[in-house]
Ligand code: LHQ
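Numbering (the working numbering), first residue to last: 174 to 438.
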């Protein structure tokens, strides 16, 4: 089974494990990893022998979100709509595929989960976290708004008040706190996380897949009926935010490893 070298696939029984594999940059999403994940999700959709999907990351992170170095190059283009189009061809299809895949998708959050990495985790059906995992939206720190569905999925999971606080502050929370507020379903010792997640995935893979898939469709219909329009609106808002001075300052500060100074412009 292949996606590409940045996305590893392994099938055991009815469970396909997808591992994001750019550990040197905390599995930040570049274009190749994004394409690899999309391809892996297509494989999971088409292969009837795969009855559950487990998504995790190599090394000490699940994912630190968009690769900000690769994004800086795109950001320098003055072409209108560049950020909107980026989202429309990368994270929005990933989130849509996870939500419409009529099989259980579990995220095993093995460490740092940030930015759109957190959005992808939120799109999954169940989240298991290592006890040393941490979570931050991180968008506001670079002058952006939560994207990849986070602006609807996070309030659904943790409530509007907590989602607003996490989105405004980009505060980093630990696994027990994430479980307390409903962001993750379960917490496991770091060295047992993958085994525990695989055991649960295998259990779900042995259940009536069609019924589980239709249950997921029901939840989507009840709670996310406008997901496509919502993702597009987020991309529109992100396009606006990406033209601010604070966004440029936030990204520059990250790349130069210094504190950002925001002006509100
Ligand atoms: C990274 C990254 C990264 C590249 C760590 N990129 N290299 C955005 C743009 C517009 C439209 C589309 O939507 C999006 C979606 C988003 O996801 S926005 C949010 C993007 N993510 C972030 O802002 C998080 C950036 N990362 C961090 O703040 C820190 O790395 C965290 C807090 C996650 C972890 O901190 P540490 O544990 O101290 O690790 P570190 O910062 O030393 O990172 C290790 C290496 O990974 C380091 O490289 P180096 O060469 O110095 O060892 C980082 O530069 C690299 N890295 N995140 N997103």
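All C-beta atoms in this analysis are idealised placements derived from N, C-alpha and C, irrespective of residue type, glycine included. Keep in mind that this is a model prediction, so the values were computed, not measured.
Alpha carbon of residue i to alpha carbon of residue j, nearest angstrom
i           : j           : result
residue 177 : residue 411 : 29 angstroms
residue 358 : residue 242 : 32 angstroms
residue 344 : residue 338 : 8 angstroms
residue 214 : residue 267 : 8 angstroms
residue 212 : residue 398 : 25 angstroms
residue 330 : residue 295 : 8 angstroms
residue 420 : residue 312 : 9 angstroms
residue 430 : residue 237 : 15 angstroms
residue 432 : residue 423 : 8 angstroms
residue 254 : residue 365 : 44 angstroms
residue 200 : residue 229 : 10 angstroms
residue 297 : residue 197 : 24 angstroms
residue 314 : residue 427 : 9 angstroms
residue 396 : residue 244 : 32 angstroms
residue 235 : residue 251 : 32 angstroms
residue 284 : residue 367 : 12 angstroms
residue 217 : residue 226 : 7 angstroms
Contact set for residue i: own chain, Cβ-Cβ below 7 angstroms, skip 5 residues either direction
i           : result
residue 369 : 301 and 361
residue 247 : 255 and 259
Three-state secondary structure assigned by DSSP to residue i
i           : result
residue 221 : coil
residue 299 : strand
residue 195 : coil
residue 285 : strand
residue 369 : helix
residue 423 : helix
residue 229 : strand
residue 357 : coil
residue 252 : coil
residue 399 : coil
residue 236 : strand
residue 318 : coil
residue 312 : coil
residue 428 : helix
residue 344 : coil
residue 260 : helix
residue 280 : strand
residue 265 : helix
residue 350 : helix
residue 185 : strand
Buried/exposed call for residue i, threshold 16 Cβ in 10 Å
i           : result
residue 239 : buried
residue 264 : buried
residue 324 : buried
residue 277 : buried
residue 389 : buried
residue 380 : exposed
residue 413 : exposed
residue 373 : buried
residue 392 : exposed
residue 202 : buried
residue 436 : exposed
residue 257 : buried
residue 415 : buried
Cut-off 8 angstroms between Cβ atoms - residues of its own chain near residue i, not counting five sequence neighbours on either side
i           : result
residue 385 : 275, 276, 277 and 377
residue 204 : 243 and 263
Same chain, Cβ closer than 6 angstroms to residue i, five either side skipped, listed in chain order
i           : result
residue 354 : 331 and 335
residue 375 : 186 and 188
residue 440 : There is simply no residue 440 to check, as the chain begins at 174 and stops at 438 in what is shown.
residue 352 : 360
residue 183 : 190
residue 407 : 320 and 324
residue 181 : 192 and 194
residue 438 : 418
Any chain E beta carbon closer than 9 angstroms to residue i
i           : result
residue 415 : In summary, chain E is missing from the structure at hand, where a single protein chain is found.
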